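All remarks here apply to the structure that follows.
Numbering (my numbering), first residue to last: 10 to 368.
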């Protein structure tokens, strides 16, 4: 009987010992897994940070456009195109335009299209200010349509809009994934990445850098509109809804927006920049949609001229454009960009006073 009791106690102790050993093993595995996971996360984070450093300058704001800009000013004449998505779609590869204008000008010309979807006034001023910090901008072209004067409520409610304030506001330059092909010959390209969540995005950048110098001059990485143009009825439906839904904002706030653009002109001219407001071409079959905006729009352009800007109106100019060259009301397709390439290059060349080949 005593043996049975001892045997029972022994078996009980053995069971508890085995259970404890299993618990200890599980605890050890959990702790080890946590340590390994933490190490792996740190390792991945460290890799991503190293990758990110290839594209984003640590010393400058993540909303900066370029690095190594100290060299930019000494490499030639600098031209900056601002505006919304219609400006973005106006040109193809920056490198191509830089080289073409250089040949026309007789001096090195660096051209960059900094247009982006729904680019606000603050965005445009901030982009200009950031480039202007270390570079002389010889010519700034603002691709203009009705929406350049419809400021967001956050901008309408502010009376200051000073440079210090603007730098603290994330602007809409890179609302698309990577809209701007920064293949300027004079500066090293850098791309804005809000946050690298995977190597997939980085691979997209790397693959683009490999093909950015191909011969498809008029379909650059930043161009978003491809394929065939919409039908006239589809264009009218979209334009009517989009324009008329903003008409009240245009009536109520466009004068405020125009006044701030006049301040932009004075600031740019004081920094040695010539300013052009380029009224962008549009599908002339949709003129009945835009007629509501015309009186105020023309008045704003007139005020810009009075404040020292040059006004170029391409809306009704014979540029060889057909309705098939527009995806919708104003967004150009590849064929439209090709047709406007020579007129745009000549426009820029003729407004760069330091060009050797100007008469």
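Note that the Cβ used here is the ideal one computed from N, Cα and C, for glycine as well.
Note that the coordinates shown come from a computational prediction; the quantities given were computed from them, not determined experimentally.
Quick one: what's got a C-beta closer than 7 Å to residue i's C-beta in the same chain, skipping five residues either side?
i	result
residue 328	290, 348, 349, 352
residue 244	292, 295, 337, 338
residue 36	none
residue 316	271, 274, 275
residue 322	288
residue 311	none
residue 250	none
residue 241	294, 332
residue 43	none
What residue range is occupied by the uninterrupted alpha helix (DSSP H) comprising residue i?
i	result
residue 320	Premise fails: residue 320 lies in the beta strand (DSSP E), 319-322, not in any alpha helix (DSSP H).
residue 153	First-last for residue 153: 148-153, but that is the beta strand (DSSP E), not the alpha helix (DSSP H).
residue 295	No alpha helix (DSSP H) holds residue 295; DSSP gives it neither H nor E.
residue 261	256-279
residue 356	343-359
residue 110	103-114
residue 310	303-315
residue 96	94-97
Quick one: what's got a C-beta closer than 8 Å to residue i's C-beta in the same chain, skipping five residues either side?
i	result
residue 67	At residue 67, the pLDDT of 38 sits below 50, so the modelled position is not reliable; the number obtained from the coordinates is stated separately. So no residue of the chain qualifies.
residue 112	none
residue 325	293
residue 255	155, 156, 159
I'd like the span of the beta strand (DSSP E) that includes residue i, first residue to last.
i	result
residue 128	Segment: none, residue 128 is in no beta strand (DSSP E) and carries neither H nor E.
residue 87	86-91
residue 328	That residue, residue 328, is in no beta strand (DSSP E); it is neither H nor E in DSSP.
residue 122	118-122
residue 288	283-288
Please report the Cβ distance between residue i and residue j, rounded to the nearest whole angstrom; I am assuming they are in contact, meaning their Cβ atoms lie under 8 Å.
i	j	result
residue 259	residue 302	6 Å
residue 100	residue 346	6 Å
residue 277	residue 137	7 Å
residue 115	residue 365	3 Å
residue 144	residue 87	6 Å
residue 140	residue 89	6 Å
residue 97	residue 125	6 Å
residue 309	residue 320	With a Cβ gap of about 10 Å, residue 309 and residue 320 do not count as contacting.
residue 147	residue 361	6 Å
residue 109	residue 354	5 Å
residue 282	residue 150	At roughly 10 Å, the Cβ-Cβ gap does not stay under 8 Å, so residue 282 and residue 150 are not in contact.
What residues in its chain sit with their C-beta under 6 Å from that of residue i, if we drop five residues either side in the sequence?
i	result
residue 344	334
residue 247	337
residue 94	126
residue 305	263
residue 73	Since pLDDT at residue 73 reaches only 37, below the 50 mark, its modelled position is unreliable, and no value is offered.
residue 284	149, 274, 277, 318
For the ligand FAD, any of its heavy atoms closer than 7 Å to the Cβ of residue i?
i	result
residue 334	The ligand content of the structure shown is nil, which means the ligand FAD is not present either.
- Decide if the segment 330-340 is in contact with the segment 117-128; the criterion is three or more beta carbon pairs, one per stretch, under 8 Å apart. no
- Task: Report yes or no: do the segment 255-266 and the segment 138-158 share at least 3 C-beta pairs separated by less than 8 Å?
- Result: yes
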